[in-house]
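Undergrad: One structure, pasted below without further comment.
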Amino acid sequence: MKKLKLPAWIFIGMILGILAGLALMGKGDITTAYIKPFGDIYINLLKFLVVPVVLTSIVSGVVSLGDIKRVGSIGWKTIVYYLGTTAIAIVIGLVFANVANAMGLFPVLETADVTYEANSSNVMDVIKGIFPSNMWQSFSDANMLQVIVVALFLGAGILVAGDAGKKFSEVMESAYAVVMKIMGFIIKLTPIGVFCLMTDVVAVNGPKIVGSLMIVIGVAYVAYIVHFVVCYGVSAAALSKVGFVKFVKGIWPAMVVAFTTTSSAATLPVTIDCSNQMGSDPEVSSFVLPLGATINMDGTAIYMGVTSIFIATCYGINLTLSQMAMIVLTATLASIGTAGVSGAGMIMLAMVLESVGLPVAGIGLIAGVDKLFDMGRTTLNIVGDSTCALYMSRLDSKRAARLAAKK
Ligand code: ASP
């Protein structure tokens, strides 16, 4: 018998959890007392990992930007493009999720075992709160915006310190590798975590949650497709002068690889090849695409927006506009911190949920079908990178032409 892969096990965990939950319906007190705690352990492990993942991945990312000086103007334009498209993506995700919610498509569950504290701070407080006065406290409070600021400073410090910073940079890179391994261990526990959480959710809430999961996946895919057509279609045609049909045909092989591997990093060689075939400058794409595979995740951002609204509704929480603005900010940052590997976005979702005070345990509701979200979001992630490579190549060749004309 062919060995089953993890996503298959996660799916099996979910199905078994649903069946066990149906069998135990009406015995919610038993499942909550004896089965759910194991799911909670899984959630705790996810949470404990968020700070080290964000810290080490962002420090390593900034250090790798050491080339930014060499690449000159491309560097900041790439980053502006990536951040801009990601912010658009998450707004699209939030709009579709809110429409679905207003249509009553998302359920309110009875499992709301959380004490929810509204996050009512104003914008200036939020901005002030981004800057830590005590780095260790940022870590221990898992204040993700502060952790990101610390990571950016550490990365910049390493770059500026030059040789003196090398050792520290190596330590951070090695820590990043170790943390990614730990993440691999914890992701392996997902089938068990999902089984335990699902059993309890279905035992307490009945089968209506299953239909709701199909709906929230549908909402995410509608948002993925809209972003693909509107944002990338416009970018390819208007900014890069590549017709939409030609673009889709050109990037198609990479889309298929992304859809099946659910990893931007694993898809990278194919993304580079497809982009170059379509006319990207290989020198530009070898800078823009690896950076994009690490920090540019529009699909992941949409997923975070949609699932945040879904989870909030499940727990009977209505998010305010300022909380949604907070989601735009943190999901943009979280998608930057998401590693380009399978399932990483789900771990970073914890950060988004925490930033607006939503229960991280809500991840347990969607974890069983995360693979289905991941296939679409990874595909969108790499398509976004490719549009950027085309656009930056065009800008770069224009710049080269301008410089040549001056001579
Ligand atoms: N799997 C995604 C990627 O590699 C990341 C995520 O889980 O959102 O692009």
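In terms of my numbering, the sequence shown opens at residue 175 and continues consecutively.
All C-beta atoms, glycine included, are put in the ideal place defined by N, C-alpha and C.
Do residue 514 and residue 468 come within 8 angstroms of each other at the CB atom, strictly closer than that value?
TA: In the sequence shown, residue 468 corresponds to position 294, counting from 1. In the sequence shown, residue 514 corresponds to position 340, counting from 1. When the beta-carbon positions are compared, residue 468 and residue 514 come within less than 8 angstroms of each other.
Undergrad: What are the boundary residues of the alpha helix (DSSP H) that includes residue 418?
TA: Here residue 418 is taken as the residue at index 244 of the sequence shown, counted from 1. For residue 418, the enclosing alpha helix (DSSP H) stretches over residues 418 to 435.
Undergrad: Would you mind sorting residue 478 into buried or exposed? The rule is 16 or more other CB atoms within 10 Å of its CB.
TA: The residue given as residue 478 occupies position 304 in the sequence shown. The residue in question, residue 478, is buried, as its Cβ has 16 or more Cβ neighbours within 10 Å.
Undergrad: Indicate, with yes or no, if the ligand MG has a heavy atom lying under 7 angstroms from the CB of residue 559.
TA: You won't find the ligand MG in this model; what it holds is the ligand ASP.
Undergrad: Counting Cβ pairs closer than 8 angstroms, one from the region 221 to 235 and one from the region 316 to 335, do we hit at least three?
TA: yes
Undergrad: Tell me the start and end of each unbroken alpha helix (DSSP H) in the region 298 to 374 that is at least 4 residues and wholly inside, in chain order.
TA: 309 to 314, 318 to 335, 340 to 362
Undergrad: By Cβ distance, which residues of its chain are closer than 6 angstroms to residue 484, with the 5 residues on each side in sequence left out?
TA: Within the sequence shown, residue 484 is the residue found at index 310, counting from 1. Closer than 6 angstroms at Cβ, skipping near neighbours: 280, 390.
Undergrad: If you scan the region 380 to 424 from start to end, which runs of the beta strand (DSSP E) of 3 or more residues do you find wholly inside it?
TA: none
Undergrad: Hey, is residue 472 close to the ligand ASP, as in C-beta under 7 angstroms from one of its heavy atoms?
TA: Along the sequence shown, read from residue 1 onward, the residue named residue 472 stands at position 298. Incorrect: residue 472 has no Cβ contact closer than 7 angstroms to the ligand ASP.
Undergrad: In chain order, what residues of the same chain have a beta carbon less than 6 angstroms from the beta carbon of residue 267, not counting five sequence neighbours either side?
TA: Translated into the one-based positions of the sequence shown, residue 267 becomes position 93. Same-chain partners within the cutoff: 397, 476, 479, 480.
Undergrad: What's the call for residue 210, buried or exposed, on a 16-neighbour Cβ count within 10 Å?
TA: In the sequence shown, residue 210 corresponds to position 36, counting from 1. So residue 210 ends up on the buried side.
Undergrad: Per DSSP, what kind of secondary structure is residue 244 in: helix, strand or coil?
TA: Translated into the one-based positions of the sequence shown, residue 244 becomes position 70. Bear in mind that the predicted position of residue 244 carries a pLDDT of just 43, short of 50, making it unreliable; the figure below should be weighed with that in mind. Helix.
Undergrad: Just to check my reading of the structure: residue 517 and residue 191 have Cβ atoms closer than 8 angstroms, yes? What is that Cβ distance to the nearest angstrom?
TA: For the purposes of this step, residue 517 is taken as residue 343 along the sequence shown, with counting starting at 1. For the purposes of this step, residue 191 is taken as residue 17 along the sequence shown, with counting starting at 1. Not a contact, Cβ separation roughly 18 angstroms.
Undergrad: If the criterion is Cβ atoms closer than 8 angstroms, does the pair residue 374 and residue 206 meet it?
TA: In the sequence shown, residue 374 corresponds to position 200, counting from 1. In the sequence shown, residue 206 corresponds to position 32, counting from 1. Going by C-beta atoms, residue 374 is nearer than 8 angstroms to residue 206.
Undergrad: If you run the structure through DSSP and keep just helix, strand and coil, what is residue 211?
TA: Locating residue 211 in the sequence shown gives position 37, counting from the first residue. Of the three classes helix, strand and coil, the one that applies to residue 211 here is helix, per DSSP.
Undergrad: What is the rounded straight-line gap between the Cα of residue 355 and the Cα of residue 442?
TA: As a working mapping, residue 355 is identified with position 181 in the sequence shown. As a working mapping, residue 442 is identified with position 268 in the sequence shown. If you take the alpha carbons of residue 355 and residue 442, they lie about 20 angstroms apart.
Undergrad: Give the C-beta separation of residue 482 and residue 532 to the nearest angstrom, bearing in mind that I take them to be a contact with Cβ-Cβ under 8 angstroms.
TA: Position 308 of the sequence shown, counting from 1, holds the residue named residue 482. Position 358 of the sequence shown, counting from 1, holds the residue named residue 532. Your pair residue 482 and residue 532 checks out as a contact, with CB atoms roughly 7 angstroms apart and the cut at 8 angstroms.
Undergrad: Kindly list the residues whose CB is nearer than 7 angstroms to the CB of residue 246, restricted to its own chain and excluding five residues on each side of it in sequence; keep chain order.
TA: The residue given as residue 246 occupies position 72 in the sequence shown. At residue 246 the pLDDT is 49, less than 50, meaning the model places this residue with poor confidence; the figure from the coordinates comes in the next sentence. Cβ neighbours of residue 246 beyond the five flanking positions: none.
Undergrad: Among the residues of its own chain, which have a CB less than 7 angstroms from the CB of residue 426, if the five just before and after it don't count?
TA: The residue labelled residue 426 in the question sits at position 252 within the sequence shown. Answer for residue 426: no residue qualifies.
Undergrad: Specify the secondary structure class of residue 548 as computed by DSSP and reduced to three states.
TA: For the purposes of this step, residue 548 is taken as the residue at position 374 of the sequence shown. Residue 548: helix per DSSP, three-state reduction.
Undergrad: In the structure shown, what three-state DSSP assignment does residue 521 receive?
TA: Within the sequence shown, residue 521 is the residue found at index 347, counting from 1. It is helical.
Undergrad: At which residues does the alpha helix (DSSP H) containing residue 500 begin and terminate?
TA: As a working mapping, residue 500 is identified with position 326 in the sequence shown. Looking at the DSSP string, the run of the alpha helix (DSSP H) that includes residue 500 is 495 to 511.
Undergrad: From 394, 302, 367, 304, pick the residue whose C-alpha is nearest to that of residue 274; which is it?
TA: Residue mapping note: residue 274 aligns to position 100 of the sequence shown, counting from 1. Answer by Cα proximity: 394.
Undergrad: Taking 7 angstroms as the cut-off, is the C-beta of residue 518 nearer than that to any heavy atom in the ligand ASP?
TA: For the purposes of this step, residue 518 is taken as residue 344 along the sequence shown, with counting starting at 1. In this structure, the C-beta of residue 518 approaches the ligand ASP to less than 7 angstroms from one of its heavy atoms.
Undergrad: Is residue 552 near the ligand ASP - that is, is its Cβ less than 7 angstroms away from at least one heavy atom of it?
TA: Stepping through the sequence shown from its first residue, residue 552 is reached at position 378. Yes, the Cβ of residue 552 comes within 7 angstroms of a heavy atom of the ligand ASP.
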